[in-house]
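No gaps in the numbering here: position 72 of the sequence shown is 72 in the UniProt record's numbering, and each next residue is one more.
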Amino acid sequence: MNKKSITIFLIMYISILIFSWEVPKHYSNTNDYLNILKEDQKIENLIKDIRSNKGIEIAVVTLSVQDEITPKEMATEIFNSWKIGDKEKDNGLLILIALSEEKGKSRIEIETGYGLEGDFPDGKVGRLIDTYMMENLSKKNYDLAVINVLEAINDYISGDIDLEESSDDFNPIFLVFIIMGTFIIIVLIAIFTTPKCSSCGKRMKMSQKRVIKRATRYSAGQGLYVYKCPNCGNIYRKTYIIPRIGSSSGGFGGGSGSSSGGSSFGGGSSGGGGAGRSF
């Protein structure tokens, strides 16, 4: 390798070291590196309340948009580097406000741990941003945007609001067709999925359905169908999987009671879910 090649290599290497983005060190749940949050203590208290009552670990971050990495990538790297959320439950949530001097280039990103994706799928996270953050973000009311979305998260996990409320212009006739179609599909599935008797060939009837292992928020369960032939009395048993308990299961569990640590997280990782918007 000649001197010219070595020089070019060194320049490129030094440039990478100088201009590469590094995950910042966190100092609390609210990490306002841009000094745009004046109500940081109120935000901190809301985060601690949610963590204490519901066990969800939340971090808020404000940073500048970087040329070499997207805000979504920043959010994922921060999430995994800080290990937001419980190690076993992966119940962390990150709110990143990334500001740019160019109009329309700033971003809000909300990243969720795998354990929250059942209760906070991408669509619901997007609805949180649209409903509780975008108007204030566009007006540079960053405090109010963060406070509103934290209060909405707390209300949602407490069952006080529904993020899937139908719009005012929804046509009730369409709902009737949906119900009728669903009923017909269920009947057809019940007819054609009911097994035939191996002895006489007649369609069997379900005589019993019971749970062998209950599902939890973090693992699937198992159940058992018992079919009986009304013609010859032959018995057939079939197991089935019970999905993990998600957002429709009736609310969230209690908190972990670990809010005193404040700035320390429990070893969680990002599930890659969430949503983002430009403003």
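Ideal placement from N, C-alpha and C gives every residue a C-beta, glycine not left out.
| query | Can you give the Cα-Cα distance for SER198 and LYS228, rounded to whole angstroms? | reply | Counting from 1 along the sequence shown, the entry for residue 198 is found at position 198. Counting from 1 along the sequence shown, the entry for residue 228 is found at position 228. Roughly 11 Å between the two C-alpha positions.
| task | Just the C-alpha distance for GLN41 and THR30, rounded to the nearest angstrom, thanks. | result | If you number the sequence shown from 1, residue 41 lands on position 41. If you number the sequence shown from 1, residue 30 lands on position 30. Spanning the alpha carbons of GLN41 and THR30 requires a straight line of approximately 8 Å.
| query | Which residues does DSSP pair with ASN31 in a beta bridge? | reply | Within the sequence shown, numbered from 1, the residue matching residue 31 stands at position 31. Listed as beta-bridge partners of ASN31 by DSSP are VAL61.
| said: According to DSSP, is GLN41 part of a helix, a strand, or is it coil? | reply: Residue 41 sits at position 41 when you count from the first residue of the sequence shown. GLN41 falls in the helix class under three-state DSSP.
| task | With a cut-off of 8 Å on the beta carbons, I'd call GLY272 and ASP90 a contact; round off their distance for me. | result | Walking along the sequence shown from the start, residue 272 turns up at place 272. Walking along the sequence shown from the start, residue 90 turns up at place 90. Not a contact, Cβ separation roughly 11 Å.
| Looking only at C-alpha atoms, which of GLY126, GLU88, SER100, ILE129 sits nearest to LYS114? | Walking along the sequence shown from the start, residue 114 turns up at place 114. In the sequence as presented, Lys is not what sits at residue 114; that position holds Tyr. The closest CA to that of TYR114, considering only GLY126, GLU88, SER100, ILE129, is found on GLU88.
| message | I'd like the list of long-range same chain contacts for SER256, defined as Cβ closer than 6 Å, with 5 residues on each side in sequence excluded. | response | Stepping through the sequence shown from its first residue, residue 256 is reached at position 256. For SER256, the predicted structure reports a pLDDT of 44, less than 50, and the residue's modelled location is therefore unreliable. The matter cannot be settled from this model.
| field | Beta-carbon spacing of ILE95, ILE110 below 8 Å | value | Stepping through the sequence shown from its first residue, residue 95 is reached at position 95. Stepping through the sequence shown from its first residue, residue 110 is reached at position 110. Taking 8 Å as the cut-off, the beta carbon of ILE95 is found closer than this to the beta carbon of ILE110.
| request: Could you please give the first and the last residue of the uninterrupted beta strand (DSSP E) stretch that includes THR239? | output: As a first step, residue 239 must be located in the sequence shown, where it is residue number 239. Run containing THR239: 235-242, per the beta strand (DSSP E) assignment.
| Test: SER270 CB closer than 8 Å to a CB of chain C | Absent from the structure: chain C. Only one protein chain is present.
| query | Counting along the chain, where does the alpha helix (DSSP H) carrying ILE212 start and finish? | reply | Translated into positions along the sequence shown, residue 212 becomes position 212. According to the DSSP assignment, ILE212 belongs to no alpha helix (DSSP H) but to the beta strand (DSSP E) extending over 205-213.
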